[in-house]
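In our numbering, the protein residues as written are 10 to 417.
Beneath this line is the structure, given in structure tokens, with notes to follow.
As structure tokens, this is what we get:
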């Protein structure tokens, strides 16, 4: 019986668990380790931040989810990985041995690297920050809102797009949903009562897609008097301003940011990541130096942008590689063909679905704006919650892609 350990129970970790759990008790002993008691369904967090939805709708309790499928769950923090000895060190539970390790820890949102964030900044990146923002937006009396992503930096061991921002989809939701909330719930007018400015560290906004989604988003921004500032690297958040590395400033009464992404300290300390701590893998998601280690999701160096859909693609590849090459199962390993797929909630019944692979040399570049897109996002979030983080099967996702191509 092989000891298989998954560290991190986000999208990628749970997807791998569901993919390989049929081997439990036959070929593998499977343990999932996470520092949290609940998995966080992040796509639903803007609903918490701007609609006041219960945070409980974004949480999946891990212990019953894992143990009901005959897996083992340990709530603990990984503090070290000794890849040569096939051993993990946990903060409370000591050492855990493994034969195979899946690293799906995700990236750390480094709020503390942004001067002034703890005093004046807000975000939607986790359940605590989303609830905090909901309290703030309800008391907002008007003025300047500034939102954008701080710059992140990446390693160089693998060939992946070098994006300035890890993911700007949430910024789209922040700007459109805050605009909708203030106009419809607080009867404010723009730009008389409030003004929204958006910044990006990149040369263009949404650098991970092509012109069609960018132009569509740009049109909606223009209609709402939302101004864009490019090549702006966040330096500091003040009480009534935001300052950038080029020393330019914007007036700011409410700053809502995506902080820099960094690797967990345990990975940096263990020396199994690239120069930034992210895990270098081949396109089968196998570690370049340790063949019994796999990685998927935001912590994988190949994952650019850091996006839930890409986490699922890579988790499927990692699981299939393990099943075929290590367990001898007759399965097909999917190709590492990445694509950007997200549904941007815009408030009310509006949403824009984005589906693009131009970043990776493809020719799909779709932006589909419709109440149907909003319904699709609601359906996806609901399915994810009630299935305990079990993403719809591949045939459903492929069918959805075909529908999207025909609709656009």
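Note that CB positions come from ideal geometry on N, CA and C, so glycine has one too.
Alpha carbons only, please: which of the options is nearest the one belonging to residue i?
i           : options               : result
residue 308 : 299, 282, 333 and 318 : 282
residue 344 : 359, 369 and 336      : 369
residue 28  : 285, 329, 51 and 360  : 329
residue 127 : 116, 141 and 115      : 141
residue 237 : 209, 284 and 224      : 209
residue 61  : 76, 356 and 397       : 356
residue 342 : 323, 299 and 68       : 323
residue 399 : 69, 360, 271 and 121  : 69
residue 168 : 292, 280 and 304      : 292
residue 63  : 143, 159 and 176      : 143
residue 358 : 82, 161, 104 and 189  : 189
Taking 6 angstroms as the limit between beta carbons, can you name the residues of its chain near residue i, skipping five residues before and five after?
i           : result
residue 156 : 180, 183, 184, 207 and 265
residue 118 : 134 and 268
residue 367 : 219 and 374
residue 138 : 132
residue 108 : 11 and 12
residue 273 : 114 and 117
residue 199 : 234
residue 170 : 313 and 368
residue 303 : 111, 294, 295 and 327
At the level of alpha carbons, what is the spacing between residue i and residue j?
i           : j           : result
residue 48  : residue 338 : 29 angstroms
residue 31  : residue 86  : 26 angstroms
residue 22  : residue 276 : 16 angstroms
residue 290 : residue 296 : 4 angstroms
residue 151 : residue 145 : 12 angstroms
residue 259 : residue 247 : 10 angstroms
residue 25  : residue 99  : 21 angstroms
residue 404 : residue 392 : Since pLDDT at residue 404 reaches only 45, below the 50 mark, its modelled position is unreliable, and the value read off the structure follows with that caveat. The straight-line gap from Cα to Cα measures roughly 15 angstroms.
residue 74  : residue 397 : 7 angstroms
residue 377 : residue 53  : 20 angstroms
residue 252 : residue 305 : 35 angstroms
residue 66  : residue 394 : 7 angstroms
residue 229 : residue 96  : 51 angstroms
residue 300 : residue 334 : 11 angstroms
Pick helix, strand or coil for residue i, following the three-state DSSP scheme.
i           : result
residue 73  : helix
residue 181 : helix
residue 278 : helix
residue 213 : coil
residue 309 : strand
residue 396 : coil
residue 145 : helix
residue 245 : strand
residue 373 : coil
residue 405 : Because residue 405 sits at a pLDDT of 49, beneath the cut-off of 50, its placement in the model cannot be relied upon, and the following sentence gives the value as read from the coordinates. Correct three-state label for residue 405: helix.
residue 220 : helix
residue 127 : helix
residue 28  : helix
If you drop the 5 nearest sequence neighbours on each side, which residues of the same chain put their C-beta closer than 7 angstroms to that of residue i?
i           : result
residue 212 : 239 and 240
residue 187 : 59, 146, 154 and 205
residue 336 : 32 and 36
Does any residue of chain C bring its CB to less than 8 angstroms from the CB of residue i?
i          : result
residue 29 : Judged by its chain identifiers, the structure shown contains no chain C, having just a single protein chain.
Could you name the residues of the same chain whose beta carbon sits closer than 8 angstroms to that of residue i, not counting the 5 residues immediately before and after it, in chain order?
i          : result
residue 55 : 133, 139, 179, 182, 183, 186 and 354
residue 80 : 26, 30, 33, 39, 40 and 41
Legend entry - Contact the stretch 235 to 249 vs the stretch 258 to 270: 3+ CB pairs below 8 angstroms: In this structure the stretch 235 to 249 touches the stretch 258 to 270; the number of beta carbon pairs closer than 8 angstroms is three or more.
Inset, instruction - Say whether the stretch 10 to 18 touches the stretch 34 to 41, bearing in mind that this needs 3 or more beta-carbon pairs closer than 8 angstroms, one atom from each stretch. - result: With a cut-off of 8 angstroms, the stretch 34 to 41 and the stretch 10 to 18 count as touching, because enough Cβ pairs lie within range.
Legend entry - Stretch pair the stretch 143 to 160 + the stretch 308 to 321: three plus CB contacts closer than 8 angstroms: Result no; under three Cβ-Cβ pairs closer than 8 angstroms.
Inset, instruction - Report yes or no: do the stretch 376 to 394 and the stretch 340 to 354 share at least 3 C-beta pairs separated by less than 8 angstroms? - result: Flag = yes, the stretch 376 to 394 and the stretch 340 to 354 touch.
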